[in-house]
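Trainee:
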Amino acid sequence: MKDTVYPETLEKATPDLQSRLRRIEGQARGIQRMLDEKRSCEDIVTQVAALKAAVEQVGLNMVACLLESAIRQAVEQGVSTDEAITHAKKYLGKLS
Numbered sequence: 241m242k243d244t245v246y247p248e249t250l251e252k253a254t255p256d257l258q259s260r261l262r263r264i265e266g267q268a269r270g271i272q273r274m275l276d277e278k279r280s281c282e283d284i285v286t287q288v289a290a291l292k293a294a295v296e297q298v299g300l301n302m303v304a305c306l307l308e309s310a311i312r313q314a315v316e317q318g319v320s321t322d323e324a325i326t327h328a329k330k331y332l333g334k335l336s
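At position 93 of the sequence shown (counting the first as 1) the number is 333 in the working numbering, and the numbers step up by one without a gap.
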C-alpha cells in the first residue's frame, strides 16, 4: 500500500489540523513563559501533559486521514481493505 493521501481527504482535515497546531505552538510558548516566570513544577507539568495530549490528537487525526485514504484506494482498486487497516495500524503504532 502506497503512503498516498487523497488530496480531498487531507484538504478536509487541514483547517482543523492547522488550528490544533497553532494552539500547540501557543501552549509551548506558554510553557516557556512559565519557566521564565519560575512557576511551580506542578503547574508546568500540567501544561506539558496538555501539550502532549494535543500533539497526540494531531497524530490520531492524521492516522484517520491516512486510513480514510487507504480504504478509498482499496475500494477503487477492488481489493480487500485488510491491507489498508494494517497500513493504518503501522502508523498508530508510531504514536504509542
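Each residue gets a CB set at the ideal place from its N, CA and C atoms; glycine is no exception. Please read these numbers as outputs of a predicted model, since none were measured by experiment.
Taking the Cβ atom as the reference point for each residue, do Glu308 and Ala314 lie within a distance shorter than 8 Å?
Mentor: Here the question's residue 308 lines up with position 68 in the sequence shown. Here the question's residue 314 lines up with position 74 in the sequence shown. It is not a contact, given that the beta carbons lie outside the stated cut-off.
Trainee: Tell me where the alpha helix (DSSP H) around Val285 begins and ends.
Mentor: The residue given as residue 285 occupies position 45 in the sequence shown. Cys281 to Gln317 is the span of the alpha helix (DSSP H), which, as asked, contains Val285.
Trainee: Would the beta-carbon of Glu277 fall within 8 Å of that of Leu335?
Mentor: For the purposes of this step, residue 277 is identified with residue 37 of the sequence shown, where counting begins at 1. For the purposes of this step, residue 335 is identified with residue 95 of the sequence shown, where counting begins at 1. No. Outside cutoff.
Trainee: Need the endpoints of the alpha helix (DSSP H) that His326 sits in, please.
Mentor: Start at 1 with the first residue of the sequence shown, and residue 326 comes out as number 86. The sequence given here places Thr at residue 326; His does not occur at that position. Its alpha helix (DSSP H) spans residues Asp322 to Leu335.
Trainee: Roughly how many whole angstroms lie between the Cα atoms of Ala290 and Leu250?
Mentor: Along the sequence shown, read from residue 1 onward, the residue named residue 290 stands at position 50. Along the sequence shown, read from residue 1 onward, the residue named residue 250 stands at position 10. Between Ala290 and Leu250, the C-alpha separation is close to 25 Å.
Trainee: List the endpoints of the continuous alpha helix (DSSP H) containing Lys252.
Mentor: Position 12 of the sequence shown holds residue 252. Segment Pro247 to Asp276, the alpha helix (DSSP H) holding Lys252.
Trainee: Suppose contacts are defined by Cβ-Cβ distances below 8 Å. Is Val303 in contact with Leu257 by that definition?
Mentor: Mapped onto the sequence shown, residue 303 falls at position 63. Mapped onto the sequence shown, residue 257 falls at position 17. No, the pair does not count as a contact, with Cβ atoms beyond the cut-off.
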